[in-house]
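Scroll down for the structure; my scribbles are underneath it.
In my numbering, the protein residues as written are 1 to 430.
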């Protein structure tokens, strides 16, 4: 009978009366339809999806191509899931397919209502090979249903908020809400002053566990701008997360991730300390980031009149990605921080991550450390510590390390000045 955290009084009353926990994510389509009817925030670049000309709408459409011989698909080199390519929209009339770039989806709906015996269907084709992606929009129901159908093909939708607001109603996809909610199960006080002090010491001391791991992980040469494509991953063992393992990612200044694709999964990035500079890309094959103007994706704080290719995510903020939106990014510590810490939770990964470089490389990154917060010692994830081998670019393979023992346990140090003073006072002090 306890209130559902972050829910409205109506939902709390329903939960109390019926003694059940409502899955709010299941209400997302209904919420979207209601908001469409009242005209609240269901706009993309100033016009609802159903009112945008097809020529404008198709610029935001990406879907996987089904044609194995397609040259655009081949560029992904073995990426088997969510290898999205640019698409075009065509109107199918009978046995013919026509380009009608000035037509809007709403006009197709009106036509189909007036002439049901001669319907027009919206076909989504691969832009490169002109083959069908297998997706058709029939535009024969309601305006609200048409909006929802179009929402399923629009990629990197700037009408959706990029930041998740914990404890509030969020107009983002249900799978993104789930992983963001999981990220917020990590206790707020997990990263306290003592932890920050221990991490700082381990990074700055040459023999520190974190400094050593960075030296072994980083490539032989930095990038042209002097930064290394590397960072530290720390698995978090929390009972509250069940079978999910959150990853605490440590971003020292001067290091960053490669541009990478997330294997079709939904993911959350909650910044716990410092700040992250994030670049988002429309595709793994693109090296020019997506730009944002003030107000895009709910980012009203951006400076007016400028295109912003880098986004700052501060401590206390959470952003998200899924298989349809923001699934390629590059991350690094903000220049004003010595290092940043962010917790990441992923679900529904159907393929390995893919990393851009001279060629696309697939693989799932290993954790360097494991921080067991409250799991029992017989949990399989805890037993991996000291046994799982990590293959680093340089040196011999290392074993997964215990973060608490190697980083958080204060080292026993001797203050030389204190010792000399004690000796001067009493020669037997040693």
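Built from N, CA and C at the ideal position, the CB exists for glycine as well.
Quantities reported herein were computed from a predicted structural model and do not represent experimental measurements.
Closest Cα partner of residue i within the set the options
| i | options | result |
| --- | --- | --- |
| residue 223 | 256, 234, 141 | 256 |
| residue 346 | 369, 401, 321, 155 | 321 |
| residue 68 | 60, 83, 369 | 83 |
| residue 264 | 391, 225, 360, 323 | 323 |
| residue 329 | 140, 309, 340, 338 | 309 |
| residue 144 | 135, 169, 227, 109 | 109 |
| residue 311 | 113, 166, 162, 392 | 162 |
| residue 350 | 363, 356, 344, 357 | 363 |
| residue 180 | 166, 171, 187, 190 | 166 |
| residue 85 | 97, 98, 70, 96 | 70 |
| residue 94 | 74, 101, 130, 115 | 115 |
| residue 405 | 391, 202, 253, 226 | 202 |
| residue 243 | 190, 348, 292 | 348 |
| residue 277 | 293, 386, 254 | 254 |
Expected contact under 8 Å - CB spacing of residue i and residue j to nearest Å
| i | j | result |
| --- | --- | --- |
| residue 160 | residue 137 | With 8 Å as the limit, residue 160 and residue 137 do not qualify as a contact, their Cβ atoms being about 20 Å apart. |
| residue 446 | residue 79 | Since the first residue shown for the chain is 1 and the last is 430, residue 446 is missing from the structure and cannot be characterised. |
| residue 373 | residue 238 | 5 Å |
| residue 251 | residue 339 | 6 Å |
| residue 156 | residue 59 | With 8 Å as the limit, residue 156 and residue 59 do not qualify as a contact, their Cβ atoms being about 10 Å apart. |
| residue 195 | residue 408 | 7 Å |
| residue 76 | residue 360 | 7 Å |
| residue 356 | residue 284 | 5 Å |
| residue 343 | residue 248 | 5 Å |
Host alpha helix (DSSP H) of residue i (start-end)
| i | result |
| --- | --- |
| residue 147 | 143-151 |
| residue 137 | Element bounds for residue 137: not the alpha helix (DSSP H) but the beta strand (DSSP E), 132-137. |
| residue 199 | 193-204 |
| residue 179 | 174-183 |
| residue 86 | It is not in any alpha helix (DSSP H) - residue 86 instead sits in the beta strand (DSSP E) that spans 84-93. |
| residue 74 | 71-74 |
| residue 216 | 209-217 |
| residue 162 | No alpha helix (DSSP H) holds residue 162; DSSP gives it neither H nor E. |
| residue 57 | 54-57 |
Residue i: first and last residue of the uninterrupted beta strand (DSSP E) it sits in
| i | result |
| --- | --- |
| residue 64 | 62-64 |
| residue 114 | From DSSP, residue 114 is part of no beta strand (DSSP E) but of the alpha helix (DSSP H) over 105-114. |
| residue 247 | 246-252 |
| residue 98 | 96-98 |
| residue 270 | 266-273 |
| residue 347 | 339-347 |
| residue 233 | 232-237 |
| residue 314 | 311-314 |
Exposure of residue i, with buried meaning 16 or more beta-carbon neighbours within 10 Å
| i | result |
| --- | --- |
| residue 334 | buried |
| residue 39 | At residue 39, the pLDDT of 44 sits below 50, so the modelled position is not reliable; the number obtained from the coordinates is stated separately. It is exposed - the Cβ of residue 39 has fewer than 16 other Cβ atoms within 10 Å. |
| residue 208 | buried |
| residue 220 | exposed |
| residue 240 | exposed |
| residue 286 | exposed |
| residue 197 | exposed |
| residue 336 | exposed |
| residue 306 | exposed |
| residue 397 | exposed |
| residue 275 | buried |
| residue 399 | exposed |
| residue 120 | buried |
| residue 23 | In this prediction, residue 23 has a pLDDT of 41, which is less than 50 and means its spatial position is unreliable; what the coordinates show is noted afterwards. By the 10 Å Cβ count, residue 23 comes out exposed. |
| residue 389 | exposed |
| residue 173 | buried |
| residue 431 | With the chain covering 1 to 430 only, the question about residue 431 has no answer from this structure. |
| residue 113 | exposed |
| residue 319 | buried |
| residue 48 | buried |
| residue 427 | Low per-residue confidence applies at residue 427: pLDDT is 47, beneath 50, and the placement is therefore not dependable, though the value from the model is reported in the following sentence. Exposed is the call here. |
| residue 419 | Residue confidence for residue 419 is low, a pLDDT of 38 falling below 50, so the modelled location carries little weight and cannot support an answer. |
Cβ-heavy atom distance, residue i to the ligand FAD, below 7 Å
| i | result |
| --- | --- |
| residue 224 | With respect to small molecules bound, the structure shown includes none, and the ligand FAD cannot be examined in it. |
Contact with chain B by residue i, beta-carbon distance below 8 Å
| i | result |
| --- | --- |
| residue 343 | The structure shown contains no chain B; it holds only a single protein chain. |
Taking 8 Å as the threshold, find out whether the stretch 47-66 comes into contact with the stretch 123-137 through three or more Cβ pairs. yes
Taking three-plus beta-carbon pairs below 8 Å as touching, is the stretch 211-223 in contact with the stretch 376-388? no
Kindly confirm or deny that the stretch 302-320 and the stretch 270-288 touch, where touching means at least three C-beta pairs closer than 8 Å. yes
Check whether the stretch 226-241 touches the stretch 291-300, counting contact only when three or more Cβ pairs, one atom from each stretch, lie closer than 8 Å. no
Would you say the stretch 52-60 touches the stretch 83-96, given that touching needs at least three Cβ pairs under 8 Å? yes
Kindly confirm or deny that the stretch 104-117 and the stretch 146-159 touch, where touching means at least three C-beta pairs closer than 8 Å. yes
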